[in-house]
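Residue numbers (this note's numbering), protein chains in the order written: chain A, 65 to 269; chain B, 40 to 491.
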């Protein structure tokens, strides 16, 4: 079944389950590949971009099909509990008739942001072009509190991120949101602290 | 096919391929440094260069045809070996810069010496390969072994003369083009003006003058202001063979953009964009990945260009952007295996492709050490294998077949038996004759047309 075009009509529950399973499998593989990286070896940008595009495509399909699977991937669940205790995120399938709650405002997010668990940082770091450096080690002593302000979420809200944050209930979007926040933080840290006279050529931003 | 013309580079309908030579270690235990990463004939076909993961370049030279064996074209023997690139360390990113040679491009010969460009991920080098077969002898102040003579013993004066010596081939780096690429260089291409060349990385293309190393001109930049918005990278780039103002670059989304350097300094606006609409019947999670173009090559004539994506080879007429004029399936039987190939990362393999001398046949590699040739005129294709089992001198290669249905015929191999670790990514075709160089993981096979 994998690899063929997917029909949009849900003619039977079985087919929907197979499709959902296929999606979960590929999704899992995507995340696994993005998280897998070797210290000291630079990731292929092409590979990272293709993986992330596949990930986004699956998210998009899941969203447009109205899928919010109750078969929660355990890791995502964990992450969700850590960071969204104040939000009840329900699957559209579980709470029909109810409009899904909006994600909490980005300002609240920004200031409440705790250090993300290793899995998320790893995924972020593995997304080569967004996490080039072993930043945790190098910039431990740098005060990044100045970046956890409303300026951050306004950049976020300006639409520079993929559509994921508008789909409440999608656990994958939760994961992506945290990733995006990490990305922005790391980019800001990198941009501010690394651009110097000798580095303009290599880091022309 | 009686009456079918068989000139150089003739159709595969009547060409039989014979094993000629194999270079490289025999044992199955492959040293990582020996993995071949690029193969390229020079403009006359007399020289054949390979680059490997260990940063070395090996150049083979074709022996002149011997009158004793008119059936064989000359054999290729080692001409020069040198270390082109060394591993480096990027202290800023805490990352190693691989010494692997990504591409070699020959310059046309202008004098006695040969020149080639070789590149790793970050640095391009211009190498001069020159021969020395004479040395001066008869100095007045030095002995033959180099020791200086006592001036008091010099009573006569003589003129040193050149005497023949054993041929020595020296490679020396003449130019180093560094610090111009933030991302990994995937292509270099020499312009038909033979004065400039381009280098392309994932997001940018730079134009260089061969004489000038301290600056390059950025001609394409697809890096978005916000890296979050990055969805496409450059995968290959090439100059048009005749029009020195025209070049193309391919992308990970299966598009090819053709640019004219006369239009503007920064060629971000393409003059033409070649893209085939997606077939909705074949849509899958992996559609984009398999549409990513891994190689683009202009035909020698300059009228067509060929692209290689994961499953097919496409020929484009430069005057038609909407779809290719020819599409050849390399290994369509893999379409139902895409998930496994995604799992084991094979779906990211980058296969190259090449034209024969008169643009009538194209060739590309596949798995299980198979490689494929497509005859454009006769509409025929053949699958051949590069293996030690078929390496008796001048033995004719037997066409191979992969069985896709339930019943496997004798001599066919089933899809599930294919060895996906044996991939032929790099192939090259002699510019004038039917001689091909096919690289398996660490061996270089040379096949020749059977001549009667």
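We put the CB at the ideal spot given by N, CA and C, even for glycine. Being a predicted model, the structure only gives us computed values, none of them experimental.
Item, Value
"Between the alpha carbons of residue 443 (chain B) and residue 321 (chain B), how many angstroms are there, rounded?", "18 angstroms"
"Tell me the residue span of the beta strand (DSSP E) that contains residue 210 (chain B).", "200-216"
"Between the segment 209-224 of chain B and the segment 241-251 of chain B, can you find at least three pairs of beta-carbon atoms closer than 8 angstroms?", "yes"
"Using beta-carbon positions only, say whether residue 107 (chain B) and residue 138 (chain B) come within less than 7 angstroms of one another.", "no"
"Please report the straight-line C-alpha distance between residue 143 (chain B) and residue 155 (chain B), rounded to a whole angstrom.", "7 angstroms"
"Rounded to the nearest angstrom, what separates residue 347 (chain B) and residue 296 (chain B) at their Cα positions?", "15 angstroms"
"Could you tell me whether the Cβ atoms of residue 395 (chain B) and residue 479 (chain B) are closer together than 7 angstroms?", "no"
"Span of the beta strand (DSSP E) holding residue 381 (chain B)?", "Segment 377-382 is the alpha helix (DSSP H) holding residue 381 (chain B); no beta strand (DSSP E) there."
"My guess is that residue 168 (chain B) and residue 229 (chain B) are in contact by the Cβ rule of under 8 angstroms, so how many angstroms apart are they, rounded?", "Wrong, their Cβ atoms sit about 16 angstroms apart, outside the cutoff."
"Within 10 angstroms of its Cβ, does residue 2 (chain B) collect 16 or more other Cβ (buried), or is it exposed?", "Chain B is shown from 40 up to 491; residue 2 (chain B) falls before or after that span and cannot be answered."
"Note down, in chain order, each residue of its chain lying with its Cβ closer than 8 angstroms to the Cβ of residue 376 (chain B), except the 5 sequence neighbours on either side.", "454"
"So if I threshold CB-CB distances at 9 angstroms, which residues from the segment 113-127 of chain A count as touching chain B?", "113, 114, 115, 116, 117, 118, 120, 121, 122, 125"
"State the DSSP-derived secondary structure class of residue 253 (chain B), mapped to helix, strand or coil.", "strand"
"Identify whether residue 467 (chain B) lies in helix, strand or coil by the three-state DSSP scheme.", "strand"
"Mind checking residue 101 (chain B): buried by the 16 CB within 10 Å criterion, or exposed?", "buried"
"For residue 459 (chain B), collect the residues of the same chain with a Cβ closer than 7 angstroms to its Cβ; drop the 5 residues on either side in sequence, then sort them by chain order.", "383, 385, 406"
"Tell me whether residue 304 (chain B) is buried or exposed, calling it buried when 16 or more other Cβ atoms sit within 10 Å of its Cβ.", "exposed"
"Going by DSSP in three states, residue 99 (chain A) sits in which element: helix, strand or coil?", "helix"
"Determine, for residue 109 (chain A), whether the minimum Cβ-Cβ distance to residues of chain B falls below 7 angstroms.", "yes"
"Step through the CB atoms of chain B and report whether any lies within less than 7 angstroms of the CB of residue 259 (chain A).", "Unreliable placement is indicated for residue 259 (chain A), whose pLDDT of 46 sits below 50; the coordinate value is still reported in the next sentence. It does not; no Cβ of chain B falls within 7 angstroms."
"Beta-carbon within less than 7 angstroms of residue 127 (chain B)'s beta-carbon, same chain only, minus the 5 sequence neighbours each way: which residues are those?", "136"
"Less than 8 angstroms between the CB atoms is what I'm expecting for residue 75 (chain B) and residue 483 (chain B), so what's the real figure, rounded?", "6 angstroms"
"Please identify the residue among B:90, B:387, B:302 whose C-alpha is closest to the C-alpha of residue 331 (chain B).", "B:387"
"For a contact meaning CB atoms closer than 7 angstroms, what does residue 274 (chain B) contact in chain A?", "110"
"For residue 441 (chain B), write down the residues that DSSP places opposite it in a beta bridge.", "B:452"
"Can you give me the start and stop residues for the beta strand (DSSP E) that residue 112 (chain A) sits inside?", "Here residue 112 (chain A) belongs to no beta strand (DSSP E); instead the alpha helix (DSSP H) covers 109-128."
"How close, in whole Å, do the beta carbons of residue 360 (chain B) and residue 312 (chain B) come, if the pair is a contact with beta carbons under 8 angstroms?", "6 angstroms"
"CA-CA distance, residue 340 (chain B) and residue 354 (chain B)?", "13 angstroms"
"What residues in the segment 75-97 of chain A have a beta carbon less than 7 angstroms from any beta carbon of chain B?", "90, 93"
"Under 7 angstroms, Cβ to Cβ, is there at least one residue of chain A near residue 420 (chain B)?", "no"
"Beta carbon of residue 98 (chain B), beta carbon of residue 118 (chain B): below 7 angstroms?", "yes"
"Mind listing, in chain order, the continuous beta strand (DSSP E) runs of no fewer than 3 residues lying wholly within the segment 287-317 of chain B?", "295-299, 311-313"
"Based on the DSSP output, what are the partners of residue 157 (chain B) in its beta bridges?", "B:143, B:164"
"How about residue 241 (chain B): is its C-beta nearer than 7 angstroms to some C-beta of chain A?", "yes"
"Whose C-alpha, out of A:77, A:106, A:83, is nearest the C-alpha of residue 126 (chain A)?", "A:83"
"Given that a residue counts as buried once 16 or more other Cβ atoms are within 10 Å of its Cβ, and exposed if not, what is residue 473 (chain B)?", "buried"
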